[in-house]
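Per the numbering used here, the very first residue in the sequence shown carries number 1407; after that it's consecutive.
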Amino acid sequence: YLLHKYHNNFNFEMEVVFVDVHFMLFYTAVFNAIQSVLVRVVSARRTDRAWVQTEDIDIGHYVAIRKEFDRVDNELKRVEQELDHESEGVGRNDGNASSERPR
1407 YLLHKYHNNF
1417 NFEMEVVFVD
1427 VHFMLFYTAV
1437 FNAIQSVLVR
1447 VVSARRTDRA
1457 WVQTEDIDIG
1467 HYVAIRKEFD
1477 RVDNELKRVE
1487 QELDHESEGV
1497 GRNDGNASSE
1507 RPR
């Protein structure tokens, strides 16, 4: 406004190009902001979906590992009981009153 009012030899063609360039830069910045928000939303959804799939895989592995641990734990308890029964029988024959095996 001030240039129009006080500058007698103002180049209006240059002003039109200047205004067009600045509006183009403004709209480009707005477009980039919208695009950035869109990329953020899409990437967040994809990473959340991938994370949930990873957790599902981990839960499946956890269940399998837990079942295997329980199986091995039960097997060890069974073997320990058998050893305790055998040591009790051997202890009676040897005169040893201890029914616990050394650990």
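All C-beta atoms in this analysis are idealised placements derived from N, C-alpha and C, irrespective of residue type, glycine included.
At the level of alpha carbons, what is the spacing between residue i and residue j?
i, j, result
"Arg1509", "Val1447", "Residue placement at Arg1509 cannot be trusted, given a pLDDT of 46 that sits under 50; what the coordinates show is reported in the next sentence. Cα to Cα, Arg1509 sits roughly 59 Å from Val1447."
"Asn1415", "Val1445", "47 Å"
"Tyr1468", "Ser1493", "37 Å"
"Val1443", "Val1458", "22 Å"
"Lys1473", "Glu1486", "20 Å"
"Glu1461", "Gln1441", "30 Å"
"Glu1421", "Ser1449", "41 Å"
"Ala1503", "Ala1470", "Low confidence applies to Ala1503: its pLDDT is 49, below 50, so where it sits in the model is not reliable, and the reading given next is rough at best. One C-alpha to the other measures close to 42 Å."
"Phe1418", "Val1427", "14 Å"
"Phe1437", "Asp1476", "58 Å"
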